[in-house]
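Residue numbers (this note's numbering), protein chains in the order written: chain A, 888 to 1386; chain B, 1110 to 1668; chain C, 22 to 125; chain D, 169 to 654.
The C-beta atom is built at its ideal place from N, Cα and C for all residues, glycine as well.
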């Protein structure tokens, strides 16, 4: 009974099992539900850290289950997979605490937490997938698990937002299915191999490979909110704050970006896709999305919609990093996967706090919030500065590597895009900070809840602070061996550019 | 001297710990009491510690704290200035939001010390941003809107200059082997598009020290900043501006006469503009902003000279740094002290004496550097002398104007003495000037007899000139340059808002019409009519017969 | 054209007459009658084609099939008639109404 | 024990048991529920026995009454028929458990005998080896189906049943005429013998045309689907589940079986015609389903669309690849499970809210979580999203279509999947929201909810059992022959 073959499966099951049990729990069993949630999260964290330690030593973790006679489901824990799994596990633990606090006293929480753990199972599955078919399976499971969360409130707007979400993601899923079958037809295998498995395909198939690349990237682009396919993200903000925090800042959007990284590096191989000539259009689309997302965010008065458009623009950094096809740019793109997750989830937590404690949803209502809720706004400031790329917080490292990587790959125009996007980020984040800290507080808040001496409930206040500190630490302590940057370097030289 | 580089980290950790102490309610009272003395460890370290390097394992990308001659001098300057700020703050601190101000003050202080100790580029960028944002937090506490606008403009300029600097570092990063200053300087030397990078550097660092064209935020901020924050402001401006030049730009290693010439003429232009602005400026602190521009002009002319003859730099290095710190100290002394004579008529004579000494020190700093260039570059010598003269003229003129104003107010029934106890300010004023004198001593030794004589000659002539022009008052008061910029900014913003509103309305209308015409229900209703026809018996059965026939005919055809 | 072929053709004509009747006639009783006519047409075809083997003994298999066919036809018609009666009882008319104009 | 198991005539048992059970339940109405369930589970066990026998000794062949091929009736079971028997057993078991609580005493007395007779007819159909026997079993199934459809005695049910009766009778009569012509030209009705003797003469082609038309009408292929929505929507829930999942597939099985063996001398024309009709069925069925406001009508039209998928195999099978056949078998099984579960869910919702208007499914998610969960899982299989059996079928079909470069089939399958997602999620969306008018709900017994969930979960688990099922399909040389032959 070699343990190494079953750990990836245990990691996936460790959130699936509590989820299924929670579905069965009646509404009032709050205590049991919290225990189940937290134990699931802690177990997963322990397993993941064991695997990280193992992979660091060079062990090999893989679970293989036969699906079709010559095609089987594979869960493999490579450095890239663990990178994303670690992110989603930590943030799941934090978001569960936040969700428990946020949904205090709201109806049908068993259903919410059930689907919540299903979502995390799907995200972990997406990360650990060893071949394209398993990736597709968990990718579609992610769509199915997130739909009920978006429609959780049960209002008509929620239903319509759910419909638009589905229209995009189901369409994206169909594209990926077509691409995968066609690829399977051409190559006969779908296993993720470090530098792509398409190099031996004879050239007369190259036009077909180009179309497959477009199909796969379009399908993944839906979830990664690339320009034409990002429409669903701002509308999905109707979901409760923990949903928009974990899902639309970390799980769903990152699954798309992670998928793009997987396809470009492990299916096509970055050199092969570069001389196939498909990476430059992807770079242009990603660049355009960065600018477009920031521009749209500039004029959104609703706070969560502004954050949503900022997510649209920030996630395209990863796509840009991948599309530049240089080793340093890869590190930048991959490390932004974690940094953006940490920073964005802090911002969404704070937005949720403001909505929950003071009933503020609009940016114009945020005058003087810094005085009423100093700690939340401090976390928000750290997140916002990170997004702008101000040095102490994590954002600037990924921008640094992206910039240097772009120059090293000879694509100087990327530097202008990065500069423009930083300016636009300042333009839509600094006014918020200015009005929050320095404008006088209004006489009364829309609907204010008092939580005794501290500004808001512990469960709501702790998570943003934790993630803000993590973002700060990821920025300052990048030299440490297990920091996101070092791990991104391991990924780059182990997976993508081995000589 | 103690050789213990690990002590360097205390300089940074002490203020941060205090900041946390202020925030946490339990230790709040104690922390607020200690806060003003937070700069003490930095001062002691500056005096006692040897030069050294402290590797910070985890921090950023293999970054380390560097403590060398320039670092020491700037650290000392920042420490003194922040000590002054702490004391002033304690004396004048308003009750409102004291806690928030102290936190921002401690953070800004950490940033300033970080700047002088930063060993690598990213650490330096972190320090600049940290100081910039926390200083903005401090300055924006003011109530009146003019201060708010001025400080907002300052923030915009700082942020833009940071981004430009970040891009420059990325351009250098491509060639640099690692992130620290030495590697960056090498990269600067071997790059081919030198003018692009020098332009970025000029823009990035110039924005902070009032380069011509980026100077518009200096005057309003200097005028409106709170008394206690002025030394801090000077410390930030000098560290962010000049340390960047000294550490990042490979002075003495790159020979670039073309840019040198251009820069020299630029310096001259700045001096001329400074004269024009100085004369029109009647506010005593506005004048000091102009002085800062003159200092920058002199700095650029020196840099131009070094670009033309790189070998000058070896000898010039130490004097230049001490001259700059000396000017910084004296400038901050003037920032606090200039309006003091109104408060304590009794101390009038002591005040006048220190003021004269301050003016003398400020002007002697550039002159002391003349000896390096006297045989080499006449243009630089001329600009140094002119710069010194200009400073003297402007300072004297403001002094006389203040005296005239004092007499006028004393005749009109005595100006009510402001209640704040200004003794602390007095002591700090004279203290800063004395420290300035101490830093100037090594330079003064270099002065030849001839230069001293010509200096006094210049002093006398400027005195007379200032006395003559003290009655000339510009017609309308010096309008805040920043106001004009703010209007442009506001109009641009409202125009963009209108345009997007129009876009939104138009796209909504387009969407509605598309939805109505191609909505699925509309299209599908066509199908339901066909469906009903299919449901009739006769149609269905005819189709069935057709299919049967079709199949059999198919078979018969290709038997 | 020997005799059995004629009978086979007659059977097929009966089948098509029945089919026409089924398609055109509205009333259910007529449709059931039409079905019976089609059934008997097919049985005639079966019997007619039965005379294949050389000897004068006819081939027994089609006869077996016809008997089963008749049994099936009878039971089907019985079911159809009772269903029609039930339909008349419930909806008053023995005509299959096409779907009423659905309110769109 | 192994010995007894392997040589017992499971095939005969499979036919006799349901008939015997039907008679008993007719004679003793009091214990009808017990007899019914016992018979259905016995049938399931005998299917397992037959499966085991087939796996050990290969194809099962039994001449009924000892008579030889030309005259007597043979029973024949290979991989494909075993697969269909499994479909019968699984769906039958699920629906029977559901029906225990669904019918009140009066209706139960009439439901069980008819249902057991239907089961007997179906088993006989899948085991028969000659085309006339297929006709007889087809008739049994048709009449039993009409009887069941008219069970609820409402006006709509009777109207639907009548249409259904007319359609099935017309279909089987055409089929009988086809059989007559085939007998005339080949002198036998046994399928293997027919396969050797047939050559392409005019009567054979006429027979082919008639059989295709007749069976297409009974399988409700696109233009001839008029009778299905009304019949299936108005019948009571378990009955419509049976009709949609099993009866419709029986005639498709016959067409498949005949196509597989007799019409080996084929032309592309006919394949492509059926393929084109199949594609049209997918698109038309989904579009109609999108428009329906009532849940059961929507599910019925979804059946029309899903049947289209099955017909896509004919153009692909011209090359006789094994994966095309396994894809169809897989699609049949997963569709049967998913569709029956959906109809049972519709039954639950009718029972709960008194109506099945989709727009007024107010907050069904909180009040009937298991039922809506079952609907979602079944929907996943219908849409062909990964974890489900439907996905495997779709994957194999797509693979085969791409292999032969049939891009039209690929595109239509994609559009079909997306449209299916549209109408299924429309229902799920309304299940979350609050309906304008709320009425007091009636409790739904647990067995009914859990049986629906069981069938839906089976459809999902099917996705992971691909390789063993493929093994079963491989028994019997017919499918291999096709694969190996061409």
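Delimiting residues of the beta strand (DSSP E) encompassing residue i
| i | result |
| --- | --- |
| residue 953 of chain A | 949-955 |
| residue 1173 of chain B | 1172-1176 |
| residue 1250 of chain B | Here residue 1250 of chain B belongs to no beta strand (DSSP E), and DSSP marks it neither H nor E. |
| residue 1164 of chain B | 1161-1165 |
CB contact below 9 Å: residue i versus chain C
| i | result |
| --- | --- |
| residue 331 of chain D | yes |
| residue 655 of chain D | What the structure shows of chain D is the stretch from 169 to 654, and residue 655 of chain D is not part of that stretch, so it cannot be assessed. |
| residue 307 of chain D | yes |
is_contact[residue i, chain B] using C-beta, thresh 9 Å
| i | result |
| --- | --- |
| residue 1275 of chain A | yes |
| residue 1278 of chain A | yes |
| residue 151 of chain D | In the structure as shown, chain D begins at 169 and stops at 654. Residue 151 of chain D is therefore absent and cannot be evaluated. |
| residue 1180 of chain A | no |
Closer than 9 Å to chain D by CB, residue i
| i | result |
| --- | --- |
| residue 29 of chain C | yes |
| residue 1211 of chain B | no |
| residue 86 of chain C | yes |
| residue 1061 of chain A | yes |
| residue 893 of chain A | no |
| residue 1144 of chain A | no |
is_contact[residue i, chain A] using C-beta, thresh 9 Å
| i | result |
| --- | --- |
| residue 1603 of chain B | no |
| residue 543 of chain D | no |
| residue 567 of chain D | yes |
| residue 371 of chain D | no |
| residue 1138 of chain B | no |
| residue 1275 of chain B | yes |
Residue span of the alpha helix (DSSP H) that contains residue i, given as start and end
| i | result |
| --- | --- |
| residue 1096 of chain A | 1093-1110 |
| residue 1249 of chain A | Taken as a continuous stretch (DSSP letters only), residue 1249 of chain A belongs to no alpha helix (DSSP H), as it is neither H nor E. |
Okay, do the region 181-194 of chain D and the region 203-217 of chain D touch, 3+ Cβ pairs below 8 Å being the bar? yes
In chain order, each alpha helix (DSSP H) run of at least 4 residues that lies wholly inside the region 450-499 of chain D: 463-479 and 481-485
Quick one: which unbroken alpha helix (DSSP H) runs of 4-plus residues sit fully inside the region 1156-1235 of chain A? Chain order, please. List check, alpha helix (DSSP H) in window: 1157-1163, 1166-1185 and 1190-1211.
Is there contact here, the region 407-419 of chain D with the region 40-47 of chain C, by at least three beta-carbon pairs under 8 Å? no
Counting beta carbon pairs with one atom in the region 330-338 of chain D and one in the region 356-364 of chain D, are three or more of them shorter than 8 Å? no
Say whether the region 1084-1103 of chain A touches the region 1005-1016 of chain A, bearing in mind that this needs 3 or more beta-carbon pairs closer than 8 Å, one atom from each stretch. no
Just by C-beta distance, which residues in the region 98-121 of chain C are closer than 8 Å to chain D? Those residues of the region 98-121 of chain C that come within reach of chain D (Cβ to Cβ, closer than 8 Å) are 100, 101, 104, 105, 107, 108, 111, 112, 117, 118 and 120.
Taking Cβ-Cβ distances below 7 Å as the criterion, which residues of the region 955-973 of chain A are in contact with chain D? 955 and 956
Under 8 Å (Cβ pairs) to chain D, residues found in the region 986-1000 of chain A: Using a CB distance below 8 Å, the part of the region 986-1000 of chain A facing chain D consists of 994, 995 and 998, ordered along the chain.
Closer than 9 Å, Cβ to Cβ, to anything on chain D: give me those residues from the region 1028-1048 of chain A, in chain order. Residues passing the 9 Å Cβ filter: 1028, 1030, 1031, 1034, 1035, 1038, 1039, 1040, 1041, 1042, 1043, 1045, 1046 and 1047.
Mind listing which residues of the region 397-421 of chain D have their C-beta closer than 9 Å to chain B's C-betas, in chain order? 397 and 398
Going along the chain, which residues of the region 590-617 of chain D sit with their C-beta nearer than 7 Å to a C-beta in chain A? Listed by position along the chain: 593, 597, 600, 601 and 602.
Determine which residues of the region 1197-1209 of chain A have a Cβ less than 9 Å from any Cβ of chain B, and write them out in chain order. none
Can you give me, in chain order, the residues of the region 1170-1191 of chain B that have a beta carbon less than 7 Å from any beta carbon in chain A? 1170 and 1171
Segment contact, 8 Å Cβ cut-off, at least three pairs: the region 1170-1185 of chain B with the region 1229-1239 of chain A: For the pair of segments examined, the region 1170-1185 of chain B was found not to touch the region 1229-1239 of chain A: the number of CB pairs separated by less than 8 Å stays below three.
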